[in-house]
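Engineer: This is the structure I want to talk about, given as structure tokens.
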Amino acid sequence: MPHDDSAAGVWASIGLEPARPGDRPGVSGQLQRVCRIAATTLPATGVGVSVLARDGTQVSAAASDETHEAIEELQLTMGEGPCLDAFSTGAPVLVPDLGASARTRWPGYAPEALDHGVRAVFAFPLQVGAVGVGALDVYRDRAGPLTTKAVDQAVTFAEVAVRTLLDAETGTANAEPAEGGRDLSILDTFTHRLELYQAQGMVMMQLGISLVQAMARLRAYAYAHDRPLHDVAADVVARRVVLVDDRV
């Protein structure tokens, strides 16, 4: 647990956090370490980071553990949740009691998150100036607000996550690059975005519906089959999955 709450202290702690078997290469692996350090520093049961884009594509990036990676993915599959709200507004979304009022705000996400043991969630936008690039989510298994100190710490971790993403884009990330000196995990992120775009367009053309409706159909299929959205998009593009018109 780092004694220095500054960004420099967080970076030092991340540098001391060893990679674990199963960690992804490159920046995604570094983000996993950011999440693990955050989860042990903050009063949290888990932490996740998602990379998002204004075009509507959302790609889960990393989490402190597999359980919270699934919870992080849940928001992206459902198309709603504190992560998406923090990203769209550019302001933190602090929910100290998910069961109290969130069911009306996120009728799809909240019950599922509660079933996964989440009782409170706090989302902090990842910002580059006025431009949002994603969100960092802090999960707790009991209701209750974060202290002012914990909020400040979470903001610092969000800043470190942004720096990690920017360094990956410029090739200066502290994480060891993948094969060929290119960060394949970041390339995978953009591949997922392109596949989602392509799948959305294919569903629109196949079913004669709008782009918004096409995205809703993809999300519904992913949720119904308990699969990540980007995996469904890849199958649609490869024509392994064909969504049918269920209108009568």
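Residues in the sequence shown are numbered from 10 upward in steps of one, following the numbering used here. C-beta: ideal position from N, C-alpha, C; glycine also.
In the DSSP assignment, find the alpha helix (DSSP H) that holds Pro134 and state where it starts and stops.
Structural biologist: For the purposes of this step, residue 134 is taken as residue 125 along the sequence shown, with counting starting at 1. First-last for Pro134: Ala129 to Val137, but that is the beta strand (DSSP E), not the alpha helix (DSSP H).
Engineer: Does DSSP put Ser59 in a helix, in a strand, or in coil?
Structural biologist: What you label residue 59 is simply residue 50 of the sequence shown in a count that begins at 1. If DSSP states are grouped into helix, strand and coil, Ser59 belongs with the strands.
Engineer: Could you tell me the distance, in whole angstroms, from the CA atom of Tyr118 to the CA atom of Arg112?
Structural biologist: Sequence index remark: in the sequence shown, residue 118 carries index 109 (1-based). Sequence index remark: in the sequence shown, residue 112 carries index 103 (1-based). It is roughly 8 Å from the alpha-carbon of Tyr118 to the alpha-carbon of Arg112.
Engineer: Considering only DSSP beta bridges, list what Ala72 is partnered with.
Structural biologist: Residue 72 sits at position 63 when you count from the first residue of the sequence shown. Its beta-bridge partners are Gly57.
Engineer: Return the residue from the list Ser59, Cys44 and Ala79 that minimises the CA-CA distance to Asp235.
Structural biologist: Here residue 235 refers to the residue found at position 226 when the sequence shown is read from its first residue. Cα-wise, what sits closest to Asp235 is Ala79.
Engineer: Does the structure place the stretch 42 to 53 close enough to the stretch 85 to 92 that three or more beta carbon pairs sit under 8 Å?
Structural biologist: no
Engineer: Looking at Leu61 and Glu121, is the spacing between their C-beta atoms short of 8 Å?
Structural biologist: Position 112 of the sequence shown, counted from the start, is the residue given in the question as residue 121. Position 52 of the sequence shown, counted from the start, is the residue given in the question as residue 61. Not a contact, by the Cβ cut-off of 8 Å.
Engineer: For Ile23 versus Val36, is the C-beta spacing smaller than 8 Å?
Structural biologist: For this step, residue 23 is matched to residue 14 along the sequence shown. For this step, residue 36 is matched to residue 27 along the sequence shown. No, the Cβ-Cβ distance between Ile23 and Val36 is not below 8 Å.
Engineer: Looking at Gly99 and Gly141, is the spacing between their C-beta atoms short of 8 Å?
Structural biologist: Locating residue 141 in the sequence shown gives position 132, counting from the first residue. Locating residue 99 in the sequence shown gives position 90, counting from the first residue. Result yes, Cβ atoms of Gly141 and Gly99 sit closer than 8 Å.
Engineer: How would you write the range of the alpha helix (DSSP H) that Val251 sits in, first residue to last?
Structural biologist: To locate residue 251, count along the sequence shown from 1; it is residue 242. For Val251, no alpha helix (DSSP H) segment is defined, and its DSSP state is neither H nor E.
Engineer: Using 8 Å as the threshold, is the C-beta distance between Met213 and Leu205 below it?
Structural biologist: Reading the sequence shown from its first residue, position 204 is the one you call residue 213. Reading the sequence shown from its first residue, position 196 is the one you call residue 205. No; because the gap between Cβ atoms is not below 8 Å, this pair is not in contact.
Engineer: Going straight from the alpha carbon of Phe96 to that of Ala17, what length do you get?
Structural biologist: Taking the first residue of the sequence shown as 1, we reach residue 96 at position 87. Taking the first residue of the sequence shown as 1, we reach residue 17 at position 8. The alpha-carbon atoms of Phe96 and Ala17 are separated by roughly 25 Å.
Engineer: Excluding the five sequence neighbours on either side, which residues of its own chain have a C-beta within less than 7 Å of the C-beta of Gly153, listed in chain order?
Structural biologist: Residue mapping note: residue 153 aligns to position 144 of the sequence shown, counting from 1. Excluding residues within five positions, the ones whose Cβ falls inside 7 Å are Pro105 and Ala129.
Engineer: Please go through the same chain and pick out, in chain order, the residues whose beta-carbon is closer than 8 Å to the beta-carbon of Ser15, but skip the five residues on each side of it.
Structural biologist: Here residue 15 refers to the residue found at position 6 when the sequence shown is read from its first residue. Excluding residues within five positions, the ones whose Cβ falls inside 8 Å are Thr165.
Engineer: Measure how close the beta-carbons of Thr86 and Leu238 come, nearest whole angstrom, since I'm counting them as under 8 Å.
Structural biologist: Within the sequence shown, numbered from 1, the residue matching residue 86 stands at position 77. Within the sequence shown, numbered from 1, the residue matching residue 238 stands at position 229. The Cβ separation is near 5 Å, so the contact holds.
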